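As structure tokens, the structure follows; a few thoughts come after it.
Residue numbers (the numbering used here): 295 to 441.
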């Protein structure tokens, strides 16, 4: 039993050497999303850790194997929709992302339930969901009027 425990501890120590990069790339202010303060407040509290270059990396994001999952989630979130580059997103892609934002927020798929376990303050209320949906629909109307 001691030998198994020693091997487990050694493996736990060794995997700490595998350190994917945690980044917050520089952002041009003119490329970032600028929306009503109430919308920005919701997005910053509930979405920005994974969907912007303004991630607040918690202490446990330094501990493997948890760090691997967190970094992967952030990288995937930024690829899907990065509010730090909102202005530069191709209009066709932006339209798809806004529609997905409406659907995933409405259905409680975003923020991810696993994120909400630790970040209870990121929970989006029904009123906030309605506000985000109203904002996203207004953004979609802007996109359609620009065509």
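No residue lacks a Cβ here, since even glycine has one placed at the ideal position from N, Cα and C. Being a predicted model, the structure only gives us computed values, none of them experimental.
**Item:** residue 303 burial status per 10 Å Cβ neighbour count (16 or more: buried)
**Value:** Taking the first residue of the chain shown as position 1, residue 303 is located at position 9. Counting Cβ neighbours within 10 Å, residue 303 comes out exposed, since fewer than 16 surround it.
**Asked** So is residue 343 buried or exposed if we call it buried at 16+ other beta carbons inside 10 Å?
**Response** In the chain shown, residue 343 corresponds to position 49, counting from 1. Burial call: buried.
**Request:** Determine the burial state of residue 420: buried for a count of at least 16 other Cβ atoms within 10 Å of its Cβ, exposed for fewer.
**Result:** Taking the first residue of the chain shown as 1, we reach residue 420 at position 126. Exposed: under 16 other Cβ atoms inside 10 Å.
**Prompt:** How is residue 402 classed by DSSP in three states: helix, strand or coil?
**Reply:** Position 108 of the chain shown, counting from 1, holds the residue named residue 402. Here residue 402 sits in coil by DSSP.
**Message:** For residue 361, which residues in the same chain have their Cβ closer than 6 Å to its Cβ, ignoring the five residues on either side in sequence?
**Reply:** The sequence position of residue 361 within the chain shown is 67, counting from 1. Counting only Cβ-Cβ distances below 6 Å, and skipping sequence neighbours, we find 355.
**Asked** Measuring CA to CA, which of 405, 415 and 389 is closest to residue 436?
**Response** On the chain shown, residue 436 is found 142 positions in, with the first residue counted as 1. Out of 405, 415 and 389, 389 has the C-alpha closest to the C-alpha of residue 436.
**Request:** Would you give the residue range spanned by the alpha helix (DSSP H) that residue 318 belongs to?
**Result:** Position 24 of the chain shown, counted from the first residue, corresponds to residue 318. It is not in any alpha helix (DSSP H) - residue 318 carries neither H nor E in the DSSP assignment.
**Item:** Whole-angstrom distance between residue 321 and residue 396, CA atom to CA atom
**Value:** As a working mapping, residue 396 is identified with position 102 in the chain shown. As a working mapping, residue 321 is identified with position 27 in the chain shown. Rounded to whole angstroms, residue 396 to residue 321 spans 25 Å at the Cα level.
**Prompt:** Taking residue 408 as the reference, which of 350, 367 and 313 has the closest Cα?
**Reply:** Within the chain shown, numbered from 1, the residue matching residue 408 stands at position 114. Among 350, 367 and 313, the Cα nearest to that of residue 408 belongs to 367.
**Item:** Range of the contiguous alpha helix (DSSP H) that encloses residue 337
**Value:** Here residue 337 refers to the residue found at position 43 of the chain shown. Here the alpha helix (DSSP H) through residue 337 covers 331-340.
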